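So the sequence shown is residues 6 to 300, counted in this note's numbering. Some notes on the structure that comes next.
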Amino acid sequence: MNIILQSVLPVAFIIIIGYVAGKKLSLERSTLSQLTVYILAPALVTDSFYRNSMGGDVTLRFLLAYGLISVILYGGIILIGKVIKLSSENHRSLFAILLCPNNGNMGLSITAFALGEGGLERAVIYMIGSSIVLFGVLPAVLKGESIIKGIKMTFRLPLIWAMILGVSLHLAHITLPFNLGKSIEWLGMSSIPIALLILGMQLTNTRFQFDFIHFLISLGKLAIAPLIAYGVGKIMGLEGLDLQVLVLQTAMPTAINTAVMMQEFGGDITMVSRTIILSTLMSFITIPMVIFLII
6 MNIILQSVLP VAFIIIIGYV AGKKLSLERS TLSQLTVYIL APALVTDSFY RNSMGGDVTL
66 RFLLAYGLIS VILYGGIILI GKVIKLSSEN HRSLFAILLC PNNGNMGLSI TAFALGEGGL
126 ERAVIYMIGS SIVLFGVLPA VLKGESIIKG IKMTFRLPLI WAMILGVSLH LAHITLPFNL
186 GKSIEWLGMS SIPIALLILG MQLTNTRFQF DFIHFLISLG KLAIAPLIAY GVGKIMGLEG
246 LDLQVLVLQT AMPTAINTAV MMQEFGGDIT MVSRTIILST LMSFITIPMV IFLII
């Protein structure tokens, strides 16, 4: 119980501070978001791969496991869509809700508190995979465009280039001079609390109005997806910390950035926004249960 409280309460505390700040202060949220997306999160990715102690085989299996989870969830969405005759708009919205977990704002934070530095290292790799889906694949799906265009969009992501830089430094055994590596580490560490503050600030703009459909979708995201992740992890031969991180990251609520994608590329923005908020609130009940089961 102690490790659960140590994992969830600090995250909730920072989100609440962000919520109060969003209500009381006139902060430029877009500036904070851009700071995180273009500087702090890429620094975290570069630092994680630069100091990566995971073997290449484990890293590859981890990414393949995430890909297989996504394929299974997408297959389930197609099946559900045919059975209950979902509109194309709702079909695209479900894709966004189920396949884009909040690995940045919440996932990295909770994993770091629950599973330590080794867990955070693996969580960053998971975040890379989900970022490719969120910012590369999802816009192509929402606009009905080709996978090739999605791949092109993926290579515009700062996280991808940050990963390439970190991997290159690691494989070349390059030690950055004059403590520049420490500077990158500090920038990366600051991305986690700032991302949580932004999450709390974003909650101030959302109306708390839900129905039973939103509840079912959120429950599927928070309960069924981690079970799928556990099965996939076992199939891929992941054990111990690798399996724990895979399940815990998959158990995160829907990423807030999916609403931004809906606004930009099309979809049911109301359903997605309400599901984001509801799944985030419900996750403070489900995530402690997941931590209890995997640790």
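Glycine included, every Cβ here is placed at the ideal spot set by N, Cα and C. Quantities reported herein were computed from a predicted structural model and do not represent experimental measurements.
**OP:** Return the residue from the list R279, T263, D216 that minimises the CA-CA distance to G109.
**Re:** T263
Original post:
From G72 to G134, what does the alpha carbon distance come to, in whole angstroms?
Top reply: 8 angstroms
**OP:** Indicate the three-state DSSP secondary structure (helix, strand or coil) for T36 in the structure shown.
**Re:** Here T36 carries a helix assignment [DSSP, helix/strand/coil].
Original post:
Bridge partners of T259, per DSSP?
Top reply: P106
Original post:
Do you know how far the Cα of V88 is from the Cα of L37?
Top reply: 42 angstroms
Subject >> Of the residues L45, V63, M132, T51, the one placed nearest G238, counting alpha carbons only >> reply: V63
Subject >> Proximal residues to L170 (C-beta, below 6 angstroms), its chain only, five neighbours per side dropped >> reply: T51
**OP:** Between the Cα of G245 and those of M206, H178, V129, G124, spot the shortest distance and give me the residue it belongs to.
**Re:** G124
**OP:** Look at the alpha carbon of V4 and the alpha carbon of H219, and state the distance between them as a whole number of angstroms.
**Re:** In the structure displayed, the chain extends from 6 to 300; residue 4 sits before or after that span and is not available.
**OP:** Label V25 either buried or exposed according to how many other C-beta atoms from any shown protein chain fall within 10 Å of its C-beta, with 16 as the threshold for buried.
**Re:** exposed
Subject >> Backbone CA spacing between G236 and K28 [nearest angstrom] >> reply: Whole-angstrom Cα-Cα distance: 42 angstroms.
Original post:
Secondary structure at I300, three-state DSSP: helix, strand or coil?
Top reply: Coil, per DSSP.
Subject >> Inter-residue CB distance, P198 and V13 (contact presumed, cutoff 8 angstroms) >> reply: With a contact defined as Cβ atoms closer than 8 angstroms, P198 and V13 miss out at about 15 angstroms.
Subject >> Spatial distance of R66 from L30 (CA atoms) >> reply: 44 angstroms
**OP:** Give me the Cα-Cα distance between M111 and M257, rounded to the nearest whole angstrom.
**Re:** 7 angstroms
Subject >> First and last residue of the uninterrupted alpha helix (DSSP H) at R56 >> reply: Run containing R56: none; DSSP gives neither H nor E here.
**OP:** Note down the Cα distance separating S1 from H96, rounded to an integer number of angstroms.
**Re:** The chain is shown from 6 up to 300; residue 1 falls before or after that span and cannot be answered.
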